[in-house]
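*Asks:* The structure follows.
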Amino acid sequence: MRRGSFLEHVAWTGAGIAYSLGAGGLLSGRAVAASANDAVEFVQISDSHIGFHQPANPDVAQTLQMTVDAINAMPTQPSFVVHTGDITHLSTAKQFDDARAILSQLRAPLIALPGEHDVVGNDFKPYLANFRIPQSTTGGWASWDARGVHYVVVLNVFNFEKMGLLGTDQLGWLANDLARVASSTPVVVFTHVPLYALYPQWGWTTEDGTKAIALLQRFDHVTILNGHIHQIVTHQEGNIRFASADATAYPQPKPGAAAKPGPVTLPHADLLRAIGYRKVEIDDGNVRLEDRALAT
Amino acid sequence: MRYLILAILTALLMAPAAASSSAPAVHMKDDAYQPPSLTVDAGQTVTFTNDDDDAHTVTATDGSFDSKGLDTHGVWRHTFAKPGVYKYFCELHPFMKGTVVVKAANS
Chain A
1 MRRGSFLEHV
11 AWTGAGIAYS
21 LGAGGLLSGR
31 AVAASANDAV
41 EFVQISDSHI
51 GFHQPANPDV
61 AQTLQMTVDA
71 INAMPTQPSF
81 VVHTGDITHL
91 STAKQFDDAR
101 AILSQLRAPL
111 IALPGEHDVV
121 GNDFKPYLAN
131 FRIPQSTTGG
141 WASWDARGVH
151 YVVVLNVFNF
161 EKMGLLGTDQ
171 LGWLANDLAR
181 VASSTPVVVF
191 THVPLYALYP
201 QWGWTTEDGT
211 KAIALLQRFD
221 HVTILNGHIH
231 QIVTHQEGNI
241 RFASADATAY
251 PQPKPGAAAK
261 PGPVTLPHAD
271 LLRAIGYRKV
281 EIDDGNVRLE
291 DRALAT
Chain B
1001 MRYLILAILT
1011 ALLMAPAAAS
1021 SSAPAVHMKD
1031 DAYQPPSLTV
1041 DAGQTVTFTN
1051 DDDDAHTVTA
1061 TDGSFDSKGL
1071 DTHGVWRHTF
1081 AKPGVYKYFC
1091 ELHPFMKGTV
1101 VVKAANS
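For the protein sequence lines, the chains are A and B, in the order given.
Residue numbers are given in my numbering: position 272 of the first sequence equals residue 272, and the series is strictly consecutive.
Just add 1000 to wherever you are in the second sequence, counting from 1, and you've got my numbering.
Shown next, in the form of structure tokens:
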């Protein structure tokens, strides 16, 4: 698929989610495809690192392809698939091309946010040319409402010396955005680096994340889904649930379990048990996360 | 060992004038710059090599230089023309920090 047609596909499918609020035709069209109960389903994938060629995973394209195939085989297609960053390893044009060639095969609409590996050299352009979130702000962050859920994308992979960092512009936008949302509305936040201090020694934290968390505390049901750390870690603060996802590329050590973070090399069968995707179901504020490895 | 000897002999043959001091080099290994602080003369070129299985960058805190992404085995060279203290870090692992101290050439 050529770059132009893929961008049209992303733009159209992205708009489809937003329009499903107001346009009755699209909404009913989607209702047919949804599961028998009214639960919202989407899938999270993360950290594909296309371009990585090391023993921890010599073929990251293949494991991303396996992930896409598994999602496409789900009997009920998710309303969308979100990629929570590090699509590529080093932000090169070829890596974005290769990633797009695989991710464009998803049957469900794709929303992909950047990780720090997608903006290496502090250059946002290659990501924006390939995976810009439809209707996102110039800063790249975004929000939309769909089927009773308020979704937010915040980016914390810039200002690299203090990664993760949201910055005052984004925090101001977030305050305004959330002010319009009722406290009873389920809120789902997507980001790359953990928003809370998961393991600051390895940079697994967002320096001003507590300010975003403070803005979210009045809501009854908040789910914050991120990548970056290549493993499932969940955490609860009041009504806010945090959940880091597995990568599609390779695992990293548990916090403090090694001298440093980085790719962990496992036998191939074990690698497939340590990477995968996450199915998310939201039903009246009840959020169910189901992490599925590429092999059992 | 044979390669090491070859490398030393080659270095001696190729650059007899600089034989007294080896070419300044920094290696990225285990998410650290080795050595973390390096002192060179103004005008010298430092070779930065990524020996890790993860990607790194060599990015000046003051923005004066940036290797951009260095993949495994990636090599980047930078010539430090002016004396000063240059702090740098890795964009992908900001806890990685290094310093190059550049002295006036004839001091």
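Idealized CB from N, CA, C, for every residue including glycine.
Please list the residues of the region 1034-1053 of chain B that have a C-beta atom closer than 8 Å to any C-beta atom in chain A, keeping them in chain order.
*Replies:* Taking 8 Å as the Cβ-Cβ cut-off against chain A, the residues of the region 1034-1053 of chain B that qualify are Asp1052, Asp1053.
*Asks:* Give me the Cα-Cα distance between Leu271(A) and Asn57(A), rounded to the nearest whole angstrom.
*Replies:* Each residue's Cα considered, the two are about 8 Å apart.
*Asks:* Buried or exposed, going by whether 16 or more other CB atoms sit within 10 Å of the CB of Gly24(A)?
*Replies:* Unreliable positioning characterises Gly24(A) in this predicted model, as indicated by a pLDDT of 29, which lies under 50. A coordinate reading is not provided.
*Asks:* Ends of the beta strand (DSSP E) at Ala236(A)?
*Replies:* One point to set straight first is that residue 236(A) is Gln, not Ala, in the sequence displayed. It spans 233-237 - the beta strand (DSSP E) in which Gln236(A) sits, taken as one unbroken run.
*Asks:* How about the region 96-112 of chain A and the region 45-54 of chain A: do they share at least three Cβ pairs that are nearer than 8 Å?
*Replies:* Yes, they touch.
*Asks:* In this structure, does DSSP put Glu161(A) in helix, strand or coil?
*Replies:* Three-state result, Glu161(A): helix.
*Asks:* Quick one: list the residues of chain B neighbouring Ala249(A), beta-carbon separation under 9 Å, in chain order.
*Replies:* In chain order: nothing, as chain B lies at least about 11 Å away.
*Asks:* Which residues, in chain order, does the region 1062-1080 of chain B contribute to contact with chain A at a C-beta distance below 7 Å?
*Replies:* Taking 7 Å as the Cβ-Cβ cut-off against chain A, the residues of the region 1062-1080 of chain B that qualify are Asp1066, Lys1068, Gly1069, Asp1071, Thr1072.
*Asks:* For Trp12(A), is the classification buried or exposed, using 16 other Cβ atoms within 10 angstroms of its Cβ as the cut-off for buried?
*Replies:* Annotation note: pLDDT 36 at Trp12(A) (below 50); position unreliable, no value reported.
*Asks:* Looking only at DSSP bridge pairs, what is Lys1097(B) linked to?
*Replies:* According to DSSP, which records beta bridges pairwise, Lys1097(B) is partnered with Phe1089(B).
*Asks:* Runs of 3 residues minimum, wholly inside the region 113-200 of chain A: which ones carry the beta strand (DSSP E) assignment?
*Replies:* Runs found: 142-146, 149-153, 187-190.
*Asks:* On the three-state DSSP scale, how would you describe Gly209(A)?
*Replies:* If DSSP states are grouped into helix, strand and coil, Gly209(A) belongs with the helices.
*Asks:* Sort Ile102(A), Glu116(A), His117(A) by Cα distance to Leu110(A) and report the nearest one.
*Replies:* Closest by alpha carbon: Ile102(A).
*Asks:* Thinking just about the alpha-carbon of each residue, which of Tyr1033(B), Asp1053(B), Leu1092(B), Thr1099(B) is nearest to the one in His192(A)?
*Replies:* Minimum Cα distance to His192(A) is reached at Leu1092(B).
*Asks:* Compare the C-beta of Pro109(A) against all C-beta atoms of chain B and say whether one is closer than 8 Å.
*Replies:* Closer than 8 Å: no.
*Asks:* Going by DSSP, name the residue or residues bridged to Gly276(A).
*Replies:* DSSP output for Gly276(A) lists Ala293(A) as bridge partner(s).
*Asks:* How far does the alpha helix (DSSP H) with Met66(A) in it reach, from first residue to last?
*Replies:* Residues 60-72.
*Asks:* Taking the beta strand (DSSP E) that Gln44(A) belongs to, which residues open and close that run?
*Replies:* 40-45 is the span of the beta strand (DSSP E), which, as asked, contains Gln44(A).
*Asks:* I'd like the ranges of any beta strand (DSSP E) spanning at least 3 consecutive residues and lying wholly in the region 216-272 of chain A.
*Replies:* Listed in chain order, the complete beta strand (DSSP E) runs (minimum 3 residues) inside the region 216-272 of chain A are 222-226, 233-237, 240-244.
*Asks:* When we look at the beta-carbon of Pro126(A) and count the other beta-carbons within 10 Å, is it buried (16 or more) or exposed?
*Replies:* Counting Cβ neighbours within 10 Å, Pro126(A) comes out buried, since at least 16 surround it.
*Asks:* Between Ala36(A) and Tyr151(A), what straight-line distance do the alpha-carbon atoms span, to the nearest angstrom?
*Replies:* Any reading at Ala36(A) must be qualified, since the residue scores a pLDDT of 45, below 50, and its modelled position is unreliable; the value itself is stated next. Each residue's Cα considered, the two are about 23 Å apart.
*Asks:* My understanding is that Ser143(A) touches Gly85(A), with C-beta atoms under 8 Å, so please give their C-beta distance in whole angstroms.
*Replies:* No, Ser143(A) and Gly85(A) are not in contact; Cβ-Cβ is about 17 Å, not under 8 Å.
*Asks:* Measuring CB atoms only, is the region 242-259 of chain A touching the region 216-234 of chain A, in the sense that at least three cross pairs come out at less than 8 Å?
*Replies:* These segments touch.
*Asks:* Output the distance between the C-alpha atoms of Asn286(A) and Cys1090(B), rounded to the nearest integer angstrom.
*Replies:* Roughly 40 Å between the two C-alpha positions.
*Asks:* The beta strand (DSSP E) with Ala99(A) in it runs from where to where?
*Replies:* Here Ala99(A) belongs to no beta strand (DSSP E); instead the alpha helix (DSSP H) covers 93-103.
*Asks:* Go ahead and pull the three-state DSSP assignment for Ala1055(B).
*Replies:* Ala1055(B) falls in the coil class under three-state DSSP.
*Asks:* Is the beta carbon of Ile240(A) closer than 8 Å to that of Ile213(A)?
*Replies:* In contact: Ile213(A) and Ile240(A) (Cβ atoms closer than 8 Å).
*Asks:* Could you check whether the Cβ of Val280(A) sits closer than 8 Å to any Cβ belonging to chain B?
*Replies:* So, not an interface residue.
*Asks:* Between Pro327(A) and the rest of its own chain, which residues show a CB-CB distance below 6 Å, the 5 nearest in sequence each way excluded?
*Replies:* This structure gives no information on residue 327(A), because the portion of chain A shown stretches from 1 to 296.
*Asks:* Taking C-beta pairs closer than 9 Å, name the residues in chain B that His117(A) reaches, listed in chain order.
*Replies:* Going along chain B in sequence order, the residues near His117(A) (Cβ under 9 Å) are Ala1055, Gly1069, Leu1092.
*Asks:* May I ask you to list, following chain order, the residues of the region 241-274 of chain A that have a beta carbon less than 9 Å from some beta carbon of chain B?
*Replies:* Answer in chain order: Ala259, Lys260, Pro261, Gly262, Pro263, Thr265.
*Asks:* At least one CB of chain A closer than 8 Å to the CB of Val1102(B): is that the case?
*Replies:* For Val1102(B), the answer is no, since every Cβ of chain A falls outside 8 Å of its Cβ.
*Asks:* The beta strand (DSSP E) spanning His1078(B) covers which residue range?
*Replies:* Segment 1075-1079, the beta strand (DSSP E) holding His1078(B).
*Asks:* Anything in the region 195-227 of chain A with a Cβ closer than 8 Å to a Cβ of chain B? List those residues in chain order, please.
*Replies:* Residues passing the 8 Å Cβ filter: Gln201, Trp202, Gly203.
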